[in-house]
Each structure stands twice: as structure tokens, then as C-alpha cells.
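What follows is one structure encoded as C-alpha cells, with my remarks underneath.
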Amino acid sequence: MSEHVAFDSVVVRFGGELWLKKTWTRRRYVRCLIENMKRVLKRYNVEYSEVMRRRGRLFLKTKEAAEAASRLSRVFGISSVSPALEIGSSKLEDVVDKCVFLASHALDEGNSFAVRCRRVGEHPYSSRDVCREVGRRVLDEFGEEKGLSVNLKRPDMVLGVEVRDNEAFAFSEVVKGVGGMPLGTQGRVVCLLSGGVDSAVAGWLVMKRGCPLVPLYFDCKPYTDEITTERAVEIAKVLCDWAVGFPRRLHVVPYGHVLGAIVKNCPRRLTCLLCKRMMYRVAEVLVDQVRAEGIVTGEAIGEQASQTLRNLRVLDRAAEKYPVHRPILGFDKAETEGLARKIEAYKITARSVQGCKAVPHKPATKAKLEETVEAEAKLNIDEMVEHCVRELRVVDL
Ligand code: ATP
Ligand code: MG
6 MSEHVAFDSV VVRFGGELWL KKTWTRRRYV RCLIENMKRV LKRYNVEYSE
56 VMRRRGRLFL KTKEAAEAAS RLSRVFGISS VSPALEIGSS KLEDVVDKCV
106 FLASHALDEG NSFAVRCRRV GEHPYSSRDV CREVGRRVLD EFGEEKGLSV
156 NLKRPDMVLG VEVRDNEAFA FSEVVKGVGG MPLGTQGRVV CLLSGGVDSA
206 VAGWLVMKRG CPLVPLYFDC KPYTDEITTE RAVEIAKVLC DWAVGFPRRL
256 HVVPYGHVLG AIVKNCPRRL TCLLCKRMMY RVAEVLVDQV RAEGIVTGEA
306 IGEQASQTLR NLRVLDRAAE KYPVHRPILG FDKAETEGLA RKIEAYKITA
356 RSVQGCKAVP HKPATKAKLE ETVEAEAKLN IDEMVEHCVR ELRVVDL
């Protein structure tokens, strides 16, 4: 199998969506992508000598190609990667020789295979010539001995070649990347991170679209337990692992006193709504402080009593300056959990914690804005928000 081949480079393909952008936007995105790739390689001590930009592809020169490919497949903006062999020329004989060499290692007994070639630049041969010639020589040289056959529709193994002007690369594996847009190509967002599965996935989804996160956790002790806080810290770390090179921080607000005042002074059926409205207000101050563009939460329609469409309306009115984005609004729980597994957050979110003790037996599912505002009149909102902002601490992760 292909482990025996000493790959010396990685072919990096970036998202189809980048091609829809105007040239200068695309250039900026690709620059940002390269920066993020370098940060990941540095963080994981993957040595490389060069990242080459060649007409719609990036090629990384490294002796640790498998490790590099695996790390890079988790960089936002990359659609796929392949550990590859560099072919120092684009002469047909050289390209074919290298492909046949790779095939001799990569193809197992009885495999069917296909050769696919992508070529950019002027060459005295066509892509089909490359495919035909490699296929012919593979069959001639060891086809019979290994029982190989060509299958263009559903091959066991695809041998790939990328020819770029006077360079070329051969590969036998395509590792799917995470996709999305390079992190940092969009503005920052403050993400209300509870340590639960929904906000973890919501935050990840906006990161995937290029937005660096400023995670904000409200510590509701004594209404919640210490494990809830630990879980939020662990989740923040997981999300930071997807954002190598960006600040590893969690903003924490001691929030028990706010929740206490709400429980004590306001109708119990409104507790969760009032609690969340205060969170939004504090989040807005942080948005200002860190010059972010909005707030992200893990709310999904009907997922909790506080998340009926009617209640979301009431929540929204608490945020005065900035939009509240809800990336998983239409997700089923199973979809959210599936994504949480993929981003390696699920195990942490599934840690059992004591639920919030302030949640009432009968929460309002159709709250009215007027009754909510009326209930809040019993609280000194401005002072509570100020107090929260004063107490906010930044935890380095
Ligand atoms: P999650 O799985 O993210 O905890 P949930 O379905 O349990 O969400 P709620 O507890 O009603 O729903 O919270 C809705 C959203 O409000 C969360 O997704 C999160 O964005 C935010 N949120 C809730 N509690 C906190 C908290 N303690 N700190 C920060 N944000 C919170
Ligand atoms: Mg929750």
C-alpha cells in the first residue's frame, strides 16, 4: 500500500466557493488560507520547506506529507488534500514514469484503477494522453502479475496527476477537507457558549464560514455545578483547536447573582427568557469591546421551551444594537450531534452535568414582550449588566 511511498509534497485544493469571488477577494482569501496553513503546520511541528501557489492549487513541499495532509484537512477553506510525489518536470515521460512508480506501490492485488489528470499550461500532450499512457504502462509492466484492471467508472483506486506549467505531482489518495472559508476572512462574533452541544456546533459553523469566535460563558453557579463550567472550558478548547493562531481565550461572567435576582423578583414562568435576555445584553457590550459584528447562539426552533418562535421574538428584542445569529435554527438534534462528533466536541458535551436549578416547572412557551418588559422593571437592568461586565474575566486556554 501507499505507506511505503516516500511522499514529498501535498496537493491542497481549496473550496469551489472561492472561485465565485472576484479576483482581488480571492487573492485575499488565499493569502489568509496560506497564513492559516502555516500556523497549523507550525503548531503541530510539521516541517516543510515551501508553500507554492500555482494557478488554483497550493503545493506544500514536506517530507511529512501524510501528517501534513491530515492536519491541513482540518483547516477551514481547504476542500481536499493529497500526499503526493513531486515530479520535477512536466515532460510526458517523466510524468508517466513517476505515476507508474506510484502505481506499483499504491495498487494492491486484484485492484481496478483509473488515472485522472488535471493540467494547466501549455504542453505538447493532452491530459488524456497522460491517462492513456500511464494506464497502458501499468498494465504492461505489472498488470498481469497483480491481476489489475482498468475501471473508469468505479475504480478501487484512482491515480491522480496535477500538471502545472513545468511542474507536476502524482498522488493516490484524496483526503476530504473540512471546506468553508479561511478563518479570518469575515468579522468576529461573540458566541454564547454554554458547554452544551448546540452552542458548540453553532460556534463551529460560523467559524467554518470564516468568523473568528469570541466565546462567552455565563457561570450560573450555584444554580449549575462546577462540571458545567469545566465542560464549557473544554469545549472552548476544542473550538480553539480549529482556530490555530487565533487567541485561545474564554470570557467568563459570574452570573449566579443575576439569575438569583430574576428568580427572586420575577414570575417564575419567565425565568429562562429573562436570563437569556440579560445574557444578550452583556454579550452586546462585549461585541462593542472586541469590535465584533454580532452574537451567535445555539438556539434551534422548539428545542427548549425558551426557543419557541414566539419566545425567540421576545429574546431578540433584548439585543438592541447587534443581530443574534442562530446557525442551527433548523437543525434536528441528531444533525447537531452528528456534527458535534465530527468536530470532536460530542464526548465533552455529553458529559453529565446537573441541569440548571433555576429552570421552572412550567416555563412560558408563548411569552409576550409586554409582560417580559414589565417583569424586568423589577430589576435594575443597567446596573446588573454593568456589574457583569465589571466581573467578566478572560481565561487563557
Ligand atoms: P446548548 O446545547 O448550547 O447548551 P440548549 O439547547 O441547552 O443549548 P439553552 O440552554 O436554552 O439551550 O440555551 C440556548 C443558547 O443560549 C445556547 O445554545 C447558548 O448559545 C446560550 N447559552 C445558554 N446558557 C449559556 C451559558 N451558561 N453561557 C453562555 N451561553 C449560554
Ligand atoms: Mg444547554
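In my numbering, each residue's number is its place in the sequence shown (first place is 1) plus 5. Glycine residues also receive a C-beta, built at the ideal position from the N, C-alpha and C atoms.
Buried or exposed by the 16-neighbour rule on C-beta atoms within 10 Å, applied to residue i
i      : result
Gln312 : buried
Met6   : For Met6, the predicted structure reports a pLDDT of 47, less than 50, and the residue's modelled location is therefore unreliable. A value from the coordinates is still provided. By the 10 Å Cβ count, Met6 comes out exposed.
Asn41  : buried
Trp29  : exposed
Ile232 : exposed
Glu167 : buried
Val76  : First, the amino acid is wrong: residue 76 is Arg here, not Val. Arg76 comes out buried.
Leu374 : exposed
Leu320 : buried
Glu8   : In this prediction, Glu8 scores a pLDDT of 48, lower than 50, which makes its location untrustworthy; no coordinate-derived value is stated.
Leu25  : exposed
Val17  : buried
Ala89  : buried
Lys281 : buried
Arg286 : buried
His262 : exposed
Gly20  : buried
Lys226 : exposed
Ser95  : buried
Arg331 : buried
Lys367 : exposed
Gly360 : exposed
Element boundaries [beta strand (DSSP E), containing residue i]
i      : result
Ser14  : Ser14 to Phe19
Val120 : Ser117 to Val125
Leu221 : Leu218 to Asp224
Val195 : Val194 to Leu197
Lys66  : Arg62 to Lys66
Ile333 : Run containing Ile333: none; DSSP gives neither H nor E here.
Leu90  : Ile83 to Ile92
Gly165 : Met162 to Arg169
Cβ neighbours of residue i in the same chain (closer than 7 Å, five flanking residues each side left out)
i      : result
Arg114 : It should be noted that the sequence gives Glu, not Arg, for residue 114. Counting only Cβ-Cβ distances below 7 Å, and skipping sequence neighbours, we find Lys151 and Gly152.
Ala380 : Cys271, Pro272, Leu275 and Leu279
Phe336 : Ala305
Val268 : Thr276 and Ala363
Ala73  : Val15, Leu46, Val51, Tyr53, Leu65 and Thr67
Ala119 : Val155, Asn156, Leu157, Pro160 and Val163
Ser109 : Phe147
Val403 : Within the shown structure, residues of the chain are numbered from 6 to 402, placing residue 403 beyond reach of any answer.
Leu314 : Ile306
Leu317 : Glu304
Val105 : Val139, Arg142, Val143 and Glu146
Val394 : Val287 and Val290
N- and C-terminal bounds of the alpha helix (DSSP H) containing residue i
i      : result
Val268 : Gly261 to Asn270
Ile306 : No alpha helix (DSSP H) contains Ile306, which DSSP labels as neither H nor E.
Phe106 : Leu97 to Ala111
Ser75  : Ala70 to Leu77
Arg44  : Thr28 to Arg48
Glu340 : Lys338 to Lys347
Gly140 : Ser132 to Val143
Asp246 : Glu231 to Asp246
Leu204 : The residue you asked about is not Leu; residue 204 is Ser in the sequence shown. It spans Val202 to Lys213 - the alpha helix (DSSP H) in which Ser204 sits, taken as one unbroken run.
Val390 : Ile386 to Glu396
Ala380 : Leu374 to Glu381
Arg296 : Run containing Arg296: none; DSSP gives neither H nor E here.
Val319 : Leu314 to Asp321
Inter-residue CB distance, residue i and residue j (contact presumed, cutoff 8 Å)
i      : j      : result
Arg193 : Val295 : 6 Å
Arg169 : Val139 : So it is not a contact: roughly 17 Å between Cβ atoms.
Val258 : Asp293 : No, Val258 and Asp293 are not in contact; Cβ-Cβ is about 15 Å, not under 8 Å.
Gly165 : Arg121 : 5 Å
Leu188 : Pro220 : Incorrect: roughly 14 Å between the Cβ atoms, too far for contact.
Thr354 : Val202 : 4 Å
Gly184 : Ser87  : Incorrect: roughly 16 Å between the Cβ atoms, too far for contact.
Ser177 : Leu107 : 6 Å
Thr370 : Ala310 : 5 Å
Leu255 : Trp209 : Going by Cβ atoms, the distance from Leu255 to Trp209 rounds to 15 Å, so no, they are not a contact pair.
Val400 : Val238 : 7 Å
Ala248 : Ala345 : Wrong, their Cβ atoms sit about 17 Å apart, outside the cutoff.
Proximal residues to residue i (C-beta, below 8 Å), its chain only, five neighbours per side dropped
i      : result
Leu23  : Arg31, Tyr34, Val35, Gly82 and Met186
Lys242 : Arg253 and Leu402
Lys326 : Glu289, Val292 and Asp293
Pro129 : Leu97
Ala2   : The question about residue 2 has no answer, for the chain in this structure spans 6 to 402.
Pro365 : Arg273, Arg274, Thr276 and Cys277
Test: residue i CB closer than 8 Å to a CB of chain C
i     : result
Ala70 : You won't find chain C in this structure, because it holds only one protein chain.
Own chain partners of residue i with C-beta closer than 6 Å, once the 5 adjacent residues on each side are dropped
i      : result
Pro328 : Gly299
Gly61  : none
Arg59  : Arg169
*asked:* If you measure from each CB to the nearest heavy atom of the ligand MG and keep those under 6 Å, what residues do you get, in chain order?
replied: Result: Ser199 and Gly201.
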